[in-house]
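Chemist: One structure, pasted below without further comment.
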Amino acid sequence: MTATATAAQDRKVHTTPHRIPLTRIVGVELRKSFDTRSGSWLLASIGIAAVVTTGAVIAWAPESEFSYGQFTLATGFPMSVILPIIAVLSITGEWSQRSGLATFTLVPRRGRVLLGKAIGAAIVAAAATVVTFAVGAVGNVVGSAMAGTPAVWDLDAADVGCFALGIMLMVFVGFGIGALIRNSPGAIVAYMIYAFVAPGLLAFLSFNQTWFRDARPWVDFKHNQDALLQGGSLTGEQWTQLAVTSVVWVALPLFVAVVRVLRTEVK
Amino acid sequence: MISVAGVTKQYGSFTAVDDVTFTAAAGRVTGFLGPNGAGKSTTMRVIVGLTPPTSGAAYVLGRRFVDLPNPGLEVGVLLDASAQHAGRTGREVLTLAAQTMGLPRARVEEMLDLVSLTGDEPSRRLGDYSLGMRQRLGIAHALLGDPEVLILDEPANGLDPAGIRWMRDLLRGHADRGATVLLSSHLLHEIEVVADDLVVIGHGRIVANGAKTDLLATANIQVRTRYPDRLTDALGTAGVSYTAAGPAREGTGARPCRTLRVDADAELVGRIAHQAGVPLIELRDADGAGLEDMFLELTAATQRDTRQGAIS
C-alpha cells in the first residue's frame, strides 16, 4: 500500500497548461532581437546613428537650412538601414542560426511566432521614431543656438505620424524579405538592392524615359516611402500611389512569405 | 505517450520515411535505432511538427504537437544541440525558453546546475561551447519545463563517459516516474542499457518493433570452449543454430578457445554441452553484441557499408 502510494506520488500528474499568451511571445521575440552581440550593436546603433547624424547636420549643413524637419530627415536615412536589418535578422536568424528548431518546438503555431516578431519589429520602429524626434529636437535647439538663429519647428503631429508610418513600412519590407529568403546575408543583400540600388536605377530610368516618369510613382515604392519621411504633405494621389505600391511591394510578398514559413520544413 | 500513425515523408521521388507506425509508452524508455539516414531524425521532426508529413500523423499525449498549448511544459525536445544562435550565452538560451514557457528565472539556474554547467560556462556564448557542453545545454533545455514526454535525438553525442552514465540514470529515473522517453542513438550499447522498447528503422521503414527482451531473445547466448568441434557437432545434432563469434583461435597452447553465439537459452546449451561431455569456459547472455547483431541483420539491406549488390 505504501508502495502504491509512493508510486502514485511519483507519477507525474498530467495537467494541460494554459496557452502561451501573445504578449509573452512578443516579449521573447523582442529580447531575441537584442540579446546577441550583433543585436545589441544594432540596438545601440539606433541611438548612435541618431546622435551622429544630428551632429553631422549641425557641423556641415548650411545654418540657413536648420529646421526640425532637416534633423529628422537626416536621421531617417540610417534608420531606414538599421531597422529593416533588425527585422530581417529576427526572421532569418531562426534559419541561418537554426534557433528555429527550439523556437518552433516551444511555439509550434508558427503564425504566432511571426505575429510576435512583427509586433516586436513595430515596437522597435515606434521607439526609433521617438528617438529620432527626441534627438532631432535636441539637435534643432543646439544647432540653432550655436548658429544664433531662432529654431525652426516645421513639423506637426501629422509629420510624426507619416515618419512613423514610413519607418514602419520599411521595417515590414525587411520583414517580408527576411521571411521570403530566410537566409541572413541573402536577405540583407536583397534589402540593400531594394533600398539603395533599385531606386537609383528607377530614377535613372525615369530621367531618360518619359513614359516611365509618369508611371514611376505607381511602381516605385521606396520613392513613396521616402516622401513619407520628408513630411506629411502627401496629396490624395500620392496616398493612393503609396497604397498601391504598398500592396504590391509589402503586402503581397509578405503574404507569400508567411504562407511559406507556415508550411516549410524547419531544419 | 507518443504515437506515430502511418507517417510517410517524401522529398520528391525520395521517400525518407515510409509508412512508419509505432508507439512510445508512458513509463518506458523507447530506443529508436537505425543506420545513418534511415529516417530517425525526420520521424522525430515530424512528431514535433517541424516537418510536415506527406501522409499520416503523429500524436503526443493524444494531441497533434501543434495543438499543445504550451508544449515546453509537456514535451522536452532535443533534436540538435548545435541548433542555437552562436551569439547567445548558454544562460540566455535557457532564459528565453523559460520565459516562453512562463517559468520563473530560478528554474534556469536549477537546470544549469543539474547539467553541471558551472563557473563562467553559462555566461559564455554558444559559439565557444564544446560539443559536450552544447549537449548538456540541450538536455537542460529539454528538461526545463519538467515535461512528461522526452524526445531526444542522439543525446549521448559528445558526452564524456561520466556524462553518458549521468544521462542514462536521468532518463531511467524519468521513465520510472511515469514519463515517456523516446531517444534515438547510433550508440547501440547506450540504447541496449537504457531502453525498455526498441523501434528499429532502416531505409525509412520499421524493421523491428517491440520490447527489448523479446527482440533480443534469440541469438543471445555466448559460449566459450576449448573443444569447439565437439560442441558444434552436438549443437548440430540437437538442431540448434549457432554462429562463430570472436577470433577463430583465442589464447595460446595446445587447445585454444573458441567463442560461439547460440540461438538457444543458457539451460539448453548447458545441457547439450554436458551430454556431449564438452567442458565450457563460459556460458552467458551475449550482451551488447546481441543488439549489434540484430541491428546489422535487420538493417543489412539498407546499410551503407555492406557488400555491393545489397537490395534496397
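Sequences listed follow chains A and B, in order. Under this note's numbering, read the first sequence as residues 533 to 799, first letter to last. Under this note's numbering, read the second sequence as residues 813 to 1124, first letter to last. Glycine included, every Cβ here is placed at the ideal spot set by N, Cα and C.
(1) Figure out for me which residue from B:Asp925, B:Leu962, B:Glu960 and B:Val961 has the closest Cα to the Cα of Val945 (chain B).
(2) Run through chain B and tell me which residues come within less than 7 Å of His550 (chain A), C-beta to C-beta.
(3) Quick one: is Asp691 (chain A) buried, meaning 16 or more other Cβ sit within 10 Å of its Cβ, or exposed?
(4) Let's test the definition: count the other Cβ atoms within 10 Å of the Cβ of Ile580 (chain A) and tell me whether it reaches 16, buried, or not, exposed.
(5) Could you check which residue in A:Thr637, A:Val667, A:Ile720 and A:Ala689 has the C-alpha nearest to that of Gly884 (chain B)?
(6) Mind checking if Glu769 (chain A) is an interface residue toward chain B, Cβ cutoff 9 Å exclusive?
(7) Is Gly601 (chain A) helix, strand or coil when you go by DSSP?
(8) Taking its Cβ as the centre, do 16 or more other Cβ atoms sit within 10 Å of Arg977 (chain B), making it buried, or is it exposed?
(9) For chain A, is any of its Cβ atoms less than 9 Å away from the one on His1015 (chain B)?
(10) Excluding the 5 residues preceding and the 5 following Thr912 (chain B) in the sequence, name in chain order all residues of the same chain whose CB lies nearer than 7 Å to its CB.
(11) Taking any Cβ of chain B, which residues in the stretch 625 to 638 of chain A have a Cβ under 7 Å from it, in chain order?
(12) First and last residue of the alpha helix (DSSP H) that includes Glu904 (chain B)?
(13) In this structure, how does DSSP classify Pro847 (chain B) when only helix, strand and coil are distinguished?
(14) Could you check the C-alpha separation between Asn1021 (chain B) and Ala660 (chain A) for me, to the nearest Å?
(15) Are there three or more Cβ pairs, one per stretch, closer than 8 Å when the stretch 741 to 759 of chain A is compared with the stretch 660 to 671 of chain A?
(16) Answer yes if the stretch 580 to 596 of chain A comes into contact with the stretch 854 to 863 of chain B, meaning at least three C-beta pairs across the two stretches below 8 Å, and no otherwise.
(17) Judging by CA-CA distance, which residue of B:Tyr871, B:Val819, B:Ser928 and B:Gly861 is the nearest neighbour of Ala837 (chain B)?
(18) Tell me whether Ile859 (chain B) is buried or exposed, calling it buried when 16 or more other Cβ atoms sit within 10 Å of its Cβ.
(19) With Asp1097 (chain B) as the anchor, note down where its beta strand (DSSP E) starts and where it stops.
(20) Do you know how far the Cα of Met611 (chain A) is from the Cα of Phe787 (chain A)?
(21) Exposed or buried, what is Arg795 (chain A) when buried is set at 16 or more other beta-carbons lying within 10 Å of its beta-carbon?
(22) Which runs of the beta strand (DSSP E) at least 3 residues long sit entirely within the stretch 756 to 793 of chain A? Give them in chain order.
(23) Apart from the five residues on each side of it in sequence, which residues of its chain come closer than 7 Å, Cβ to Cβ, to Gly698 (chain A)?
(24) In its own chain, which residues sit with a C-beta less than 7 Å from the C-beta of Arg900 (chain B), not counting the 5 before and 5 after it?
(25) Output, in sequence order along the chain, the residues in the stretch 861 to 873 of chain B whose CB is closer than 8 Å to any CB in chain A.
(26) Which value, in whole angstroms, describes the spacing of the CA atoms of Met702 (chain A) and Ala1112 (chain B)?
(27) For the alpha helix (DSSP H) holding Val1019 (chain B), just list the boundary residues, first then last.
(28) Closer than 7 Å by beta-carbon distance: list the chain B residues that pair up with Ser570 (chain A), in chain order.
(29) Which residues in the same chain have their Cβ closer than 6 Å to the Cβ of Val887 (chain B), if we skip the five residues on either side of it in sequence?
(30) Can you grab the Cα-Cα spacing for the pair Tyr723 (chain A) / Gly706 (chain A), in whole Å?
(31) Just checking: is the beta-carbon of Lys649 (chain A) within a distance shorter than 9 Å of some beta-carbon in chain B?
(32) If we define contact as Cβ-Cβ less than 9 Å, is Met923 (chain B) a contact residue for chain A?
(33) Consult DSSP for Thr624 (chain A) and reduce its assignment to one of helix, strand or coil.
(34) Under 9 Å between C-beta atoms, does Gly652 (chain A) make it to chain C?
(35) Give the range of the alpha helix (DSSP H) segment to which Leu574 (chain A) is assigned.
(36) My output table needs one value for Ile651 (chain A): the three-state DSSP class, helix, strand or coil.
Modeler: In terms of the structure at hand:
(1) As a working note, residue 945 (chain B) is residue 133 in the second sequence. For the sequence presented, residue 945 (chain B) should be read as Met rather than Val. Comparing Cα-Cα distances from Met945 (chain B) to each of B:Asp925, B:Leu962, B:Glu960 and B:Val961, the minimum goes to B:Asp925.
(2) Sequence index remark: in the first sequence, residue 550 (chain A) carries index 18 (1-based). Chain B residues near His550 (chain A): Pro881 and Asn882.
(3) Position 159 of the first sequence holds residue 691 (chain A). Asp691 (chain A) comes out buried.
(4) Against the first sequence, residue 580 (chain A) aligns to sequence position 48. Its Cβ having fewer than 16 others within 10 Å, Ile580 (chain A) is exposed.
(5) Locating residue 884 (chain B) in the second sequence gives position 72, where the first residue counts as 1. Checked all of A:Thr637, A:Val667, A:Ile720 and A:Ala689; the closest Cα to Gly884 (chain B) is A:Thr637.
(6) Locating residue 769 (chain A) in the first sequence gives position 237, counting from the first residue. No, Glu769 (chain A) lies away from the interface with chain B (no Cβ there is under 9 Å from its Cβ).
(7) Counted from its first residue, the first sequence places residue 601 (chain A) at position 69. Gly601 (chain A) falls in the helix class under three-state DSSP.
(8) As a position in the second sequence, residue 977 (chain B) is number 165, starting the count at 1. Arg977 (chain B) should be labelled exposed.
(9) As a working mapping, residue 1015 (chain B) is identified with position 203 in the second sequence. Chain A contact via Cβ: absent.
(10) The count along the second sequence starts at 1 and reaches residue 912 (chain B) at position 100. Within the same chain, Thr912 (chain B) has close Cβ partners Gly884.
(11) Gly625, Gln629, Arg630, Ser631, Leu633, Ala634, Phe636, Thr637 and Leu638
(12) Residue mapping note: residue 904 (chain B) aligns to position 92 of the second sequence, counting from 1. From DSSP, the alpha helix (DSSP H) with Glu904 (chain B) extends over Gly902 to Met913.
(13) On the second sequence, position 35 is the one that residue 847 (chain B) refers to. Pro847 (chain B) falls in the coil class under three-state DSSP.
(14) Here the question's residue 1021 (chain B) lines up with position 209 in the second sequence. Here the question's residue 660 (chain A) lines up with position 128 in the first sequence. Using only the alpha carbons, I get a separation of about 58 Å.
(15) no
(16) Short answer: they don't touch.
(17) As a working mapping, residue 837 (chain B) is identified with position 25 in the second sequence. Considering only alpha carbons, the answer is B:Tyr871.
(18) Within the second sequence, the letter at position 47 stands for residue 859 (chain B). By the 10 Å Cβ count, Ile859 (chain B) comes out buried.
(19) The residue given as residue 1097 (chain B) occupies position 285 in the second sequence. Start and end: Leu1092 to Asp1097.
(20) As a working note, residue 787 (chain A) is residue 255 in the first sequence. As a working note, residue 611 (chain A) is residue 79 in the first sequence. Cα-Cα distance, rounded: 25 Å.
(21) What you label residue 795 (chain A) is simply residue 263 of the first sequence in a count that begins at 1. So Arg795 (chain A) ends up on the exposed side.
(22) none
(23) For the purposes of this step, residue 698 (chain A) is taken as the residue at position 166 of the first sequence. Closer than 7 Å at the Cβ level, and outside the excluded window around Gly698 (chain A), lie Gln757, Leu760 and Leu761.
(24) The sequence position of residue 900 (chain B) within the second sequence is 88, counting from 1. Taken in chain order, the residues that qualify are Arg937 and Leu938.
(25) Gly861, Leu862, Thr863, Pro864 and Leu873
(26) Counting from one through the first sequence, the residue named residue 702 (chain A) turns up at place 170. Counting from one through the second sequence, the residue named residue 1112 (chain B) turns up at place 300. The straight-line gap from Cα to Cα measures roughly 56 Å.
(27) For the purposes of this step, residue 1019 (chain B) is identified with residue 207 of the second sequence, where counting begins at 1. Segment Arg1017 to Ala1023 is the beta strand (DSSP E) holding Val1019 (chain B); no alpha helix (DSSP H) there.
(28) As a working mapping, residue 570 (chain A) is identified with position 38 in the first sequence. Residues of chain B passing the Cβ test: Gly899.
(29) In the second sequence, the residue the question calls residue 887 (chain B) occupies position 75. Result list for Val887 (chain B): Val872, Pro959 and Val961, in chain order.
(30) The residue you call residue 723 (chain A) lines up with position 191 of the first sequence. The residue you call residue 706 (chain A) lines up with position 174 of the first sequence. A straight-line Cα-Cα distance of about 6 Å links Tyr723 (chain A) and Gly706 (chain A).
(31) The count along the first sequence starts at 1 and reaches residue 649 (chain A) at position 117. By this cut-off, Lys649 (chain A) is not an interface position.
(32) Position 111 of the second sequence, counting from 1, holds the residue named residue 923 (chain B). Chain A contact via Cβ: absent.
(33) Locating residue 624 (chain A) in the first sequence gives position 92, where the first residue counts as 1. DSSP places Thr624 (chain A) in helix when its eight states are reduced to three.
(34) The chain inventory of the structure shown lacks chain C, comprising the protein chains A and B.
(35) The residue given as residue 574 (chain A) occupies position 42 in the first sequence. Arg569 to Trp592 is the span of the alpha helix (DSSP H), which, as asked, contains Leu574 (chain A).
(36) By one-based count along the first sequence, residue 651 (chain A) stands at place 119. Helix at Ile651 (chain A).
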